[in-house]
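Q:
2 protein chains.
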Amino acid sequence: MSITIKDVAKYADVAPSTVSRVIANNPRISEKTKEKVRAAMDELGYHPNFIARSLANQSTQVIGLVTPGSSDVFFQNPFFPTVLRGLSEGAHEKQYALQLVTGQNEEEIYNGVVQMVQGGRVDGVVLLYSKVEDRILIYLRDRKFPFVMIGKPFNFVDEITHVDNDNFQAAKETTEYLIEMGHERIAFIGGDKDLVVTVERLLGYQGALKQADIDQKEEYILHQSFLREGGQDAVCELMELPLEFRPTAMIVADDLMALGVLNTLNELGISVPEDISIISFNNVLMSEMSRPPLSSVDINIFELGYEASKSLIQRIEKPDEPFKRVIVPHNIVKRFSSGFIKL
Amino acid sequence: MSITIKDVAKYADVAPSTVSRVIANNPRISEKTKEKVRAAMDELGYHPNFIARSLANQSTQVIGLVTPGSSDVFFQNPFFPTVLRGLSEGAHEKQYALQLVTGQNEEEIYNGVVQMVQGGRVDGVVLLYSKVEDRILIYLRDRKFPFVMIGKPFNFVDEITHVDNDNFQAAKETTEYLIEMGHERIAFIGGDKDLVVTVERLLGYQGALKQADIDQKEEYILHQSFLREGGQDAVCELMELPLEFRPTAMIVADDLMALGVLNTLNELGISVPEDISIISFNNVLMSEMSRPPLSSVDINIFELGYEASKSLIQRIEKPDEPFKRVIVPHNIVKRFSSGFIKL
DNA sequence: TTGTAAGCGTTATCAC
DNA sequence: GTGATAACGCTTACAA
Chain W
1 MSITIKDVAK YADVAPSTVS RVIANNPRIS EKTKEKVRAA MDELGYHPNF
51 IARSLANQST QVIGLVTPGS SDVFFQNPFF PTVLRGLSEG AHEKQYALQL
101 VTGQNEEEIY NGVVQMVQGG RVDGVVLLYS KVEDRILIYL RDRKFPFVMI
151 GKPFNFVDEI THVDNDNFQA AKETTEYLIE MGHERIAFIG GDKDLVVTVE
201 RLLGYQGALK QADIDQKEEY ILHQSFLREG GQDAVCELME LPLEFRPTAM
251 IVADDLMALG VLNTLNELGI SVPEDISIIS FNNVLMSEMS RPPLSSVDIN
301 IFELGYEASK SLIQRIEKPD EPFKRVIVPH NIVKRFSSGF IKL
Chain X
1 MSITIKDVAK YADVAPSTVS RVIANNPRIS EKTKEKVRAA MDELGYHPNF
51 IARSLANQST QVIGLVTPGS SDVFFQNPFF PTVLRGLSEG AHEKQYALQL
101 VTGQNEEEIY NGVVQMVQGG RVDGVVLLYS KVEDRILIYL RDRKFPFVMI
151 GKPFNFVDEI THVDNDNFQA AKETTEYLIE MGHERIAFIG GDKDLVVTVE
201 RLLGYQGALK QADIDQKEEY ILHQSFLREG GQDAVCELME LPLEFRPTAM
251 IVADDLMALG VLNTLNELGI SVPEDISIIS FNNVLMSEMS RPPLSSVDIN
301 IFELGYEASK SLIQRIEKPD EPFKRVIVPH NIVKRFSSGF IKL
């Protein structure tokens with residue numbers, strides 16, 4: 001149906017292989033024939049067929065994107081579109097396309113990955129999350145299929161190229177900041193316990209407390225899934241504590257959750273930051289727009305995606321280079337939801 | 001490298017074509033050989049190579065997704081992840097994969113689409129937007145390449161399969177609702193003027209006013225890009241009007257924008273809904289979480305995506321069926337940002 | 001019911 | 001420098 005390399009060859013009066021070489025800009029072809037062939041391609045409106053090329057090359061120039069099993073929740077979070085933009089930009093620069101694994105649950109997604117990989121649909125895969133035990137990761141690793149991960153691998157840190165923030169340090173600094181503001185009763189509302197990022201941040205939080213000789217309280221550590229309802233439940237739990245044990249500050253895993261927290265506190269007649277300080281993670285667009293504007297740790301989500309694409313493409317094109325770890329800087333953006341403890 | 005159909009054939013002691021037929025579940029193959037071949041496939045861990053299959057079939061089982069040129073803005077909006085979920089679910093049901101067109105601006109995206117289409121990477125395309133003049137649409141139409149659009153086509157409505165809300169009606173009902181609440185000075189803050197959805201909603205708004213014999217005021221109609229800053233600018237402009245001309249109600253194109261509006265009004269010391277009623281479109285997660293919770297027109301974004309996938313796949317698989325139009329229902333969710341006009 | 005062989009549109013290895 | 005020709009892994013007439 002479409003114009004093929006053969007049509008161009010005939011039209012330019014050369015062999016198909018010559019046309020192929022012109023496309024690849026092979027230096028052994030004379031400028032003259034190059035011109036001639038290019039003219040023919042323009043004339044006929046030729047576009048190379050990626051599928052045929054992929055088959056011959058054993059390479060597709062496509063990157064597969066894997067979201068966590070609970071993709072509905074994940075998609076809702078502003079993290080997703082931003083990281084996607086980063087991935088897209090990184091891929092585009094190197095002429096790679098992005099393909100999404102579809103599926104409602106873990107099982108479907110796992111099968112989707114296997115199909116993609118074994119089916120030769122993609123040259124590499126980006127895992128947009130890091131979980132504690134992950135079949136997909138194990139599968140990819142066992143097959144030695146090129147992949148990178150956004151987040152810190154739970155195992156084999158040195159054998160998996162990954163792009164991450166220093167979440168331990170970020171949480172530690174955040175906690176220290178609150179301690180400097182005079183807070184000692186600091187709650188930690190983390191995300192899912194089997195997400196590595198949660199674990200890392202919890203450790204950072206605990207590290208800061210220990211260093212400041214502040215006792216840790218079990219009741220201050222809560223885990224909720226990354227959604228606003230989570231935030232609400234957590235607040236209620238904390239606010240049921242006797243007044244003298246209630247936290248004066250809270251570190252929240254995610255801005256969206258923090259929004260829920262803010263709302264719930266508002267309903268309970270507790271003011272932020274007067275009665276309680278809030279600081280969350282991600283610094284998405286909305287964090288500026290809440291009332292009060294949220295203090296939030298900016299983790300450079302776009303950069304995370306961008307670096308992930310670049311690193312994956314490097315792994316695909318130079319598989320023998322060593323695994324690497326890219327740390328994207330974070331910084332605490334202080335707005336109005338956090339401040340000195342009231343006396 | 002990988003296990004191919006030939007390996008399976010040898011192992012099962014049949015011809016490659018037989019294996020192929022077993023995969024396709026061709027009824028002319030005896031149950032016995034089917035069993036034998038399947039056993040061999042399991043034994044060897046065979047997975048069909050999609051690329052080769054695509055080349056032979058001239059079909060990829062991949063759907064291309066096209067975002068508007070200003071994809072950074074588009075991605076930020078919660079509309080995107082939700083419609084993506086819908087698309088993903090619809091595609092998954094029919095075993096199609098999703099591929100994203102990458103590119104920062106209109107030009108790059110256009111080129112991306114051409115590459116995708118001519119390169120045979122996708123069997124069809126979903127346009128996630130509808131613009132007034134759109135090169136990409138014209139290109140696809142001219143080539144008679146299967147595509148569907150989310151939104152109402154500006155031209156050729158009967159010759160383009162599309163999935164849309166009845167935006168005219170939705171805006172009309174919304175305006176009528178405000179009129180019933182006693183409002184007459186109703187502002188309309190729309191999105192980009194070259195988006196068809198904006199045009200449609202504006203018409204609905206105007207239709208309702210006319211029907212109620214309310215004079216239209218130029219100053220009440222504003223166009224802003226779909227972002228929160230837009231909302232803020234718009235409010236300032238409206239609030240500079242002399243008190244007796246200030247609108248008592250506003251229809252806002254998008255929840256995110258409405259959030260900006262809400263914030264700005266708050267800063268100006270204007271209360272919602274006491275001083276001014278606000279109602280917006282999309283009903284995304286956050287609309288419940290604002291203070292006050294936003295009244296919002298739910299346009300069933302997920303459904304929009306889901307139906308788009310399904311319709312596209314139908315077009316791909318049955319290209320001779322007539323073009324169709326799918327209207328996804330909307331409904332007005334009344335929360336606390338809108339109410340009776342104060343006396 | 002199953003096997004043979006051509007073809008899908010490229011690239012790459014030879015020759016010349 | 002350029003042209004045949006054989007892959008790449010699968011599907012699908014056409015034969016048997």
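Just so you know, the protein sequences line up as chains W and X, in that order. The first sequence begins at 1 in UniProt numbering and counts up by one. The second sequence begins at 1 in UniProt numbering and counts up by one. The C-beta atom is built at its ideal place from N, Cα and C for all residues, glycine as well.
Determine the direct distance from the alpha carbon of Leu87(W) to that of Val62(X), and round the result to whole angstroms.
A: By 1-based counting over the second sequence, the position of residue 62(X) is 62. By 1-based counting over the first sequence, the position of residue 87(W) is 87. Going by the C-alpha atoms only, they are around 20 angstroms apart.
Q: Excluding sequence positions up to five away, which residues of its chain have a Cβ less than 7 angstroms from the Cβ of Ala212(X)?
A: The residue you call residue 212(X) lines up with position 212 of the second sequence. Once the five neighbours on either side are set aside, the close Cβ partners of Ala212(X) are Ile179.
Q: Using only CA atoms, which one of Pro16(W), Ser59(W), Tyr110(W) lies nearest to Met41(W)?
A: In the first sequence, residue 41(W) corresponds to position 41, counting from 1. The residue with the shortest Cα to Cα distance from Met41(W) is Pro16(W).
Q: What's the call for Ala39(W), buried or exposed, on a 16-neighbour Cβ count within 10 Å?
A: Along the first sequence, one-based indexing puts residue 39(W) at 39. Label assigned to Ala39(W): exposed.
Q: When the cut-off is 8 angstroms and only beta carbons count, does Asp142(W) lie next to chain X?
A: As a working mapping, residue 142(W) is identified with position 142 in the first sequence. No, because no Cβ of chain X sits closer than 8 angstroms to the Cβ of Asp142(W).
Q: Is the CB-CB distance between Arg121(W) and Gln99(W) below 8 angstroms?
A: Locating residue 121(W) in the first sequence gives position 121, counting from the first residue. Locating residue 99(W) in the first sequence gives position 99, counting from the first residue. Going by C-beta atoms, Arg121(W) is nearer than 8 angstroms to Gln99(W).
Q: Which residues bound the beta strand (DSSP E) around Ile301(X)?
A: The residue given as residue 301(X) occupies position 301 in the second sequence. Note, Ile301(X): premise wrong, no beta strand (DSSP E); alpha helix (DSSP H) at 301-317.
Q: Do Val157(W) and Ala308(W) have their beta-carbon atoms positioned less than 8 angstroms apart in this structure?
A: The residue given as residue 308(W) occupies position 308 in the first sequence. The residue given as residue 157(W) occupies position 157 in the first sequence. No, the Cβ-Cβ distance between Ala308(W) and Val157(W) is not below 8 angstroms.
Q: Does the distance from the C-beta atom of Gly305(W) to that of Leu44(W) stay below 8 angstroms?
A: Counting from 1 along the first sequence, the entry for residue 305(W) is found at position 305. Counting from 1 along the first sequence, the entry for residue 44(W) is found at position 44. Cβ atoms of Gly305(W) and Leu44(W): not closer than 8 angstroms.
Q: Roughly how many angstroms lie between the CA atoms of Lys172(W) and Gly182(W), to the nearest whole one?
A: Here residue 172(W) corresponds to residue number 172 of the first sequence, with the count starting at 1. Here residue 182(W) corresponds to residue number 182 of the first sequence, with the count starting at 1. Rounded to whole angstroms, Lys172(W) to Gly182(W) spans 15 angstroms at the Cα level.
Q: Answer yes or no: does any C-beta atom of chain W fall closer than 8 angstroms to that of Gly86(X)?
A: For this step, residue 86(X) is matched to residue 86 along the second sequence. Answer no: the Cβ-Cβ gap between Gly86(X) and chain W never drops below 8 angstroms.
Q: So what does DSSP say about His162(W), is it helix, strand or coil?
A: Taking the first residue of the first sequence as 1, we reach residue 162(W) at position 162. His162(W) falls in the strand class under three-state DSSP.
Q: State the Cα-Cα distance for the pair Leu55(X) and Asn300(X), rounded to the nearest angstrom.
A: By 1-based counting over the second sequence, the position of residue 55(X) is 55. By 1-based counting over the second sequence, the position of residue 300(X) is 300. Each residue's alpha carbon lies about 37 angstroms from the other.
Q: Would you mind working out which of Gly90(W), Cys236(W), Phe74(W) sits nearest Ile189(W), comparing C-alpha positions?
A: Position 189 of the first sequence, counted from the start, is the residue given in the question as residue 189(W). Taking only the C-alpha atoms, the option nearest Ile189(W) is Cys236(W).
Q: In the DSSP output, which residue or residues are listed as bridge partners for Phe147(X)?
A: Working through the second sequence from its first residue, we reach residue 147(X) at position 147. Partner(s): Val125(X).
Q: Under the three-state reduction of DSSP, which class applies to Asp254(X): helix, strand or coil?
A: Against the second sequence, residue 254(X) aligns to sequence position 254. Of the three classes helix, strand and coil, the one that applies to Asp254(X) here is coil, per DSSP.
Q: Measuring only the C-alpha atoms, how far is Val252(X) from Ser280(X)?
A: If you number the second sequence from 1, residue 252(X) lands on position 252. If you number the second sequence from 1, residue 280(X) lands on position 280. Spanning the two alpha carbons is a distance of roughly 4 angstroms.
Q: Which same chain residues end up closer than 7 angstroms to Ile23(W) when comparing Cβ atoms and leaving out the 5 residues on each side of it in sequence?
A: Here residue 23(W) is taken as the residue at index 23 of the first sequence, counted from 1. If we look at Ile23(W) and ignore the five residues flanking it on each side, its Cβ neighbours are Pro48.
Q: Is it buried or exposed for Glu31(X), if we count other Cβ within 10 angstroms and need 16 for buried?
A: Here residue 31(X) is taken as the residue at index 31 of the second sequence, counted from 1. By the 10 Å Cβ count, Glu31(X) comes out exposed.
Q: How close, in whole Å, do the beta carbons of Leu312(W) and Val148(W) come, if the pair is a contact with beta carbons under 8 angstroms?
A: Position 312 of the first sequence, counted from the first residue, corresponds to residue 312(W). Position 148 of the first sequence, counted from the first residue, corresponds to residue 148(W). Sure, about 4 angstroms apart at Cβ, within 8 angstroms.
Q: Please report the residue range of the beta strand (DSSP E) in which Gly207(X) lies.
A: Residue 207(X) sits at position 207 when you count from the first residue of the second sequence. First-last for Gly207(X): 196-211, but that is the alpha helix (DSSP H), not the beta strand (DSSP E).
Q: Decide if Leu243(W) is buried, meaning its Cβ has at least 16 other Cβ atoms within 10 Å, or exposed.
A: Looking up residue 243(W) in the first sequence gives position 243. When all chains shown are included, Leu243(W) counts as exposed.
Q: Ile5(W) by DSSP, collapsed to three states: which one?
A: Position 5 of the first sequence, counted from the start, is the residue given in the question as residue 5(W). Ile5(W): helix per DSSP, three-state reduction.
Q: Helix, strand or coil: how does DSSP classify Lys324(W) here?
A: As a working note, residue 324(W) is residue 324 in the first sequence. Residue state, collapsed to three classes: coil.
Q: Roughly how many whole angstroms lie between the Cα atoms of Lys334(X) and Ile109(W)?
A: Locating residue 334(X) in the second sequence gives position 334, where the first residue counts as 1. Locating residue 109(W) in the first sequence gives position 109, where the first residue counts as 1. Computed Cα separation, rounded: 37 angstroms.
Q: Select from Ile341(X), Arg315(X), Val326(X) the residue whose C-alpha is nearest the C-alpha of Pro146(X).
A: By 1-based counting over the second sequence, the position of residue 146(X) is 146. Among Ile341(X), Arg315(X), Val326(X), the Cα nearest to that of Pro146(X) belongs to Arg315(X).
Q: List the residues of chain X that Gly103(W) touches, going by C-beta distances under 7 angstroms, in chain order.
A: To locate residue 103(W), count along the first sequence from 1; it is residue 103. Neighbours of Gly103(W) on chain X, chain order: His92.
Q: Does the separation of the CB atoms of Asp194(X) and Ser225(X) fall below 8 angstroms?
A: As a first step, residue 194(X) must be located in the second sequence, where it is residue number 194. As a first step, residue 225(X) must be located in the second sequence, where it is residue number 225. No, they are not a contact pair.
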